[in-house]
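Enquirer: If you scroll down you'll find the structure; I have some questions about it.
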Amino acid sequence: MRASDWVVFVLLVLGALTMVFPLVYMIATSFMTKNQILSGSLTVIPNPPVFGKYSEVLKKGEFLRGILNSVKVEIPVLLIGGFTSSLAAFAFAKMNFRGKTTFFLMLLATIMIPFAVVMIPQYVMFTKLRWTNSLLPLIIPGCFGNVSMIFFLRQNLYSIPTELMEAAKLDGLGYFGIYSRIFLPLMKGALGTQLMLWFMGIWNDYLAPTIFLRSEKLWTLQVVIRSFNSYYAIQSDYALIMAASVIAMIPTLVLFFMFQKVIIQSIAISGIK
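Per the numbering used here, the sequence shown starts with residue 1274, numbered consecutively.
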């Protein structure tokens, strides 16, 4: 290897360690005693290891309720939102209608609008609709689709020959039949990838549930963990907070490591079409 290659390699290793070390330290801290955490020494080896914090977290009703609330949001958003997003992507990629490009660019431009700009108007609207006493503010908007998913699925659909649609028309299929019987099965890999990424985004969302949900019984998992941080940090029970964070992290890590190749390939393919 050339000297420049070694420099790049070292920088990449340092960057990887910078990102991985907080994760390792979080897991290690969940097994530490209070005295070891507060000793002031930076270590990733619990001595002695304590395993009771995980069972303590799982015994707390609010934590399990937070998981259940997150699942209640995930299921309808991913099922309905995934369907509407794939349907919109099919329309933008394979159908011809007036103003298609203009409408798509307008839709794509909404990605550039930060959530901070719209969160107050949304909160006022949801309050007038009396949705803030339910999970509807987190569910209903997502059911209309995800702009990023629409974009990536549209790019993926461009790789599928349009001749398939023309042949299906000759066989008497309408647009919805062409979408459901031909194009949906062909883009299931890209759709699955985008659904996994969307799952991670919803699972880790903290700001929207904090703003829109008034009742503690409706709090999603990330808001519950934040409440743990406020309550148990006073008692210096950082091991319990870290254990809760590790449990919350497991679903996203499992999904990513199981499908990381598919995710990377799908994004790469969609980006070059």
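Cβ atoms here follow ideal geometry from the backbone N, Cα and C, with glycine treated the same way.
Locate the alpha helix (DSSP H) running through E1436, then write down its first and last residues.
Expert: E1436 to L1443
Enquirer: For the stretch 1326 to 1412, list the alpha helix (DSSP H) runs that are entirely contained and at least 4 residues long, ordered along the chain.
Expert: Fully enclosed alpha helix (DSSP H) runs of 4 or longer: 1334 to 1349, 1355 to 1367, 1373 to 1382 and 1388 to 1401.
Enquirer: Please report the Cβ distance between T1302 and A1512, rounded to the nearest whole angstrom; I am assuming they are in contact, meaning their Cβ atoms lie under 8 Å.
Expert: 6 Å
Enquirer: Taking 7 Å as the CB-CB cut-off, is L1459 touching chain D?
Expert: This model lacks chain D altogether, as it is built from one protein chain only.
Enquirer: According to the neighbour-count rule (16 or more other Cβ atoms, all chains shown, within 10 Å of its Cβ), is R1487 buried or exposed?
Expert: When all chains shown are included, R1487 counts as exposed.
Enquirer: Where does T1493 sit, in a helix, a strand or coil, going by DSSP?
Expert: coil
Enquirer: Which same chain residues end up closer than 8 Å to I1545 when comparing Cβ atoms and leaving out the 5 residues on each side of it in sequence?
Expert: Low per-residue confidence applies at I1545: pLDDT is 48, beneath 50, and the placement is therefore not dependable enough to give any value.
Enquirer: Since F1472 and L1351 are thought to touch, with beta carbons under 8 Å apart, how far apart are those beta carbons, to the nearest angstrom?
Expert: 6 Å
Enquirer: Put Y1547 into one of helix, strand or coil per three-state DSSP.
Expert: Here the chain comprises residues numbered 1274 to 1546, so residue 1547 is not present and cannot be evaluated.
Enquirer: Should E1439 go down as buried or exposed, given a rule of 16 or more other Cβ atoms within 10 Å for buried?
Expert: That one is exposed.
Enquirer: Drop a sphere of 10 angstroms on the beta-carbon of T1291, count the other beta-carbons inside from all chains shown, and report buried for 16 or more, exposed for fewer.
Expert: exposed
Enquirer: Just mark R1371 as buried or exposed, buried being the case when its beta carbon has 16 or more other beta carbons within 10 Å.
Expert: So R1371 ends up on the exposed side.
Enquirer: Tell me which residue opens and which closes the alpha helix (DSSP H) that L1311 is part of.
Expert: Annotation for L1311: no alpha helix (DSSP H) segment contains it, and DSSP assigns it neither H nor E.
Enquirer: For a test of the three-state rule: what should DSSP assign to M1460, helix, strand or coil?
Expert: coil
Enquirer: Quick one: measure Cβ to Cβ for P1410 and F1399, integer angstroms, because I've assumed they're closer than 8 Å.
Expert: 5 Å
Enquirer: State whether the stretch 1310 to 1329 contacts the stretch 1370 to 1384, with contact taken as three or more CB pairs (one from each stretch) at a distance under 8 Å.
Expert: no
Enquirer: When the Cα of F1417 is compared with those of N1429, S1358, Q1395 and M1515, which residue comes out closest?
Expert: Residue S1358 is the option with its Cα nearest to F1417.
Enquirer: Which same chain residues, not among the five before or five after I1475, have their C-beta less than 7 Å away from its C-beta?
Expert: V1346, E1347 and V1350
Enquirer: Using the rule of at least 16 other Cβ atoms within 10 Å of the residue's Cβ for burial, across every protein chain shown, is K1367 buried or exposed?
Expert: buried
Enquirer: How is P1414 classed by DSSP in three states: helix, strand or coil?
Expert: helix
Enquirer: Could you give the distance in angstroms between the alpha-carbon of F1485 and the alpha-carbon of I1393?
Expert: 10 Å
Enquirer: Could you check whether E1335 and V1497 sit closer than 7 Å to each other, using their CB atoms as the reference points?
Expert: With respect to the 7 Å criterion, V1497 and E1335 are classified as neighbours on the basis of their beta carbons.
Enquirer: What's the C-alpha gap between N1419 and F1363?
Expert: 14 Å
Enquirer: Applying the 10 Å Cβ sphere with the 16-neighbour rule, what's the burial state of I1523?
Expert: exposed
Enquirer: Which residues in the same chain as I1318 place their Cβ atom closer than 8 Å to its Cβ, once the five residues preceding and following it in sequence are excluded?
Expert: A1301
Enquirer: Excluding the 5 residues preceding and the 5 following Y1479 in the sequence, name in chain order all residues of the same chain whose CB lies nearer than 6 Å to its CB.
Expert: Q1495
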